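A.B. asks:
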Amino acid sequence: MTASTRRHGTRQLQVELGARSYPIRIGNDLIADAAVWREVCDRPLRLLCDENVARDWLKPLVARLGIAPEHVRIVTPGEASKSMHQVSACLDWLLETHTPRDAALVALGGGVIGDLAGFVAAIYLRGIDFVQVPTTLLAQVDSSVGGKTGVNHARGKNLIGAFHQPRLVIADSDTLSTLPAREFRAGIAEVIKYGMLGDTEFFAWLEGNMPRLLALDAQRITDVVERCCGMKAQIVAADERESGRRALLNLGHTFAHAIETHTDYARYLHGEAVAIGLYMAADLSQRLGWLAQADLQRVHALIRAAELPTEVPEGMTPEDFLRHMAHDKKVAAGRIRFVLLRRLGEALVTAEVAPEQLDELLQAHCATDAA
Ligand code: NAD
Ligand code: GLY
């Protein structure tokens, strides 16, 4: 269970995982507030971030926490930093700076930094604590919570990793003020996903509030982060290692991964591919007779209102989808397992999609340039 409490304008949720439970603090003007750091502020700290985030957010944080310059490591922004090469360099840095077992590693950045720092923390001295300070919308609503950490391999994304829960998550909406608009919108795709898979009331709220969200209304962003983290915290508490319900968080991702692989991870941000995947998953759900036609239209309209794509890339064929989806981690016993919608607000995992039904969907999306 997850309870939400408010202290001095800071909202707090708890991820309930027994001895590994941790708070998520959400609000604005948070990262330089000492009280927010109380669990770790008297511990030896190390901090990892990327160059973009360092530009605006490192100085106040380092000053507040009293972190020495040699205890800060700044890496190149982007997915390429999620590599075993970078893990090895981070371990060298931790050893060279005599980082003790009771230290905590602070991940200040987006999902790349969170996944990298989390994995390094998971394996350094067989595991030290880490703190997630997510600075992208995607990281605030998704990747900073739940303990999936890891890096990429030449054979695929996120193939090397560990479950390692953070000790604390601090989601400060102020940090989003410097995030490029395209990155912000990509994070909105994951937000829409939560409404679709588990909360129709939230979906309706998003329909009414999208323009204000895109205008970076701080109050609404905080509301969104709290709502999404609340849902994620409940799912993670119930199924930490994805043996069941946690797989619902992959709604839209089977199609999205095929699109990202097909376009060499160069054309779309992850959230943009997820937006297309969400629409395709909703369409497949409608074709199976589960999702109402009117709700499919609502999904389409909300994704478009967020200025996100719904159309598959030109030239991508049904065969391309099938080839890429065959390598998906969610293939079991030769059948693709899809996360689909029983209705808006209720998702399920199913391997029961007949090949002809999938083919019909892919033909429809690949043949037209209209959504
Ligand atoms: P990212 O970390 O690459 O950040 C996106 C870009 O925004 C980068 O260029 C970064 O430097 C910049 N940036 C970040 N915060 C900024 C800020 N406040 N101001 C200005 N620039 C800023 O990407 P992301 O979208 O946050 O995360 C994507 C990664 O997350 C992927 O590697 C994905 O696999 C991973 N992920 C992990 C989980 C999980 O559960 N662990 C879930 C979803 C995604
Ligand atoms: N982003 C999917 C998960 O955390 O399980």
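Note that the working numbering numbers the sequence shown so that position 198 is 198, with each residue one more than the last. We put the CB at the ideal spot given by N, CA and C, even for glycine. Computed from a predicted model, the values in this text were never measured in an experiment.
1. For P180, verify whether its CB is less than 7 Å away from any heavy atom of the ligand NAD.
2. Measuring CB atoms only, is the segment 12 to 21 touching the segment 128 to 144, in the sense that at least three cross pairs come out at less than 8 Å?
3. Could you compute how far the alpha carbon of N52 sits from the alpha carbon of I113?
4. Let's see if you can read the secondary structure: which residues bound the beta strand (DSSP E) around I26?
5. Keeping to the same chain, check which residues put their C-beta closer than 7 Å to that of Y268; ignore five residues upstream and five downstream.
6. Considering E260, what are the terminal residues of the alpha helix (DSSP H) in which it resides?
7. Using 10 angstroms around the beta-carbon of T263, count the other beta-carbons present and answer buried if the total reaches 16, otherwise exposed.
8. Going by alpha carbons, who is nearest to G345 out of D129, A282 and S81?
9. Taking the C-alpha atoms as reference points, what is the distance between S375 and A218?
10. With contact counted as at least three CB pairs below 8 Å, one residue from each stretch, are the segment 143 to 154 and the segment 72 to 91 in contact?
11. Name the DSSP bridge partner or partners of R46?
12. If you check the beta carbons only, do F130 and A139 fall under 8 Å apart?
13. Is R246 near the ligand GLY, judged by its Cβ being under 7 Å from some heavy atom?
14. Tell me whether K232 sits in a helix, a strand or coil according to DSSP, three-state version.
15. Please classify K157: does DSSP put it in a helix, a strand, or coil?
16. Tell me the residue span of the alpha helix (DSSP H) that contains R185.
17. Just verifying my parser: in three-state terms, what is the DSSP assignment at K148?
18. Measuring alpha carbon to alpha carbon, tell me which residue in L159, W93, R64 and K157 is nearest V72.
19. I'd like to confirm something about P77: is its beta-carbon nearer than 7 Å to some heavy atom of the ligand NAD, or not?
20. Look up L341 in the DSSP assignment and say whether it is helix, strand or coil.
21. Name the DSSP bridge partner or partners of Q14?
22. In the DSSP assignment, find the unbroken beta strand (DSSP E) run with D129 in it and report its ends.
23. Comparing the CB of G146 with every heavy atom of the ligand NAD, is any distance shorter than 7 Å?
C.D. replies: According to the data block:
1. yes
2. no
3. 11 Å
4. Y22 to G27
5. I259 and E260
6. H253 to H262
7. exposed
8. A282
9. Only positions 1 to 371 of the chain appear in this structure, which leaves residue 375 out of reach.
10. yes
11. L105
12. no
13. yes
14. helix
15. strand
16. A181 to G198
17. strand
18. W93
19. yes
20. strand
21. P23
22. D129 to P134
23. yes
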